[in-house]
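Numbering (my numbering), first residue to last: 911 to 968. For each residue, glycine too, the CB sits at the ideal point set by N, CA and C. Everything on this sheet refers to the single structure shown next.
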Amino acid sequence: MSQPVNLNRFRKAKARAEKSARATQNAVKFGQSKAEKHLQETKNAAQVQHLDQHKREP
């Protein structure tokens, strides 16, 4: 006789694999690379600095 199969374990493993595949697809579709994130942070910092330089003192 063959070994019994735990169906709950099989079901959960299948769900994990599907969730991982969906996460990978979303990362490709919506994600940003590390370089893009760094560039955006740099631009934001430059904009904040530019606005701070134009503040009027009360």
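- Boundaries of the alpha helix (DSSP H) around residue 930: 917-940.
- The alpha-carbon of residue 965 is positioned some 15 Å away from that of residue 956.
- If you draw a straight line from the Cα of residue 928 to the Cα of residue 935, it comes to about 11 Å.
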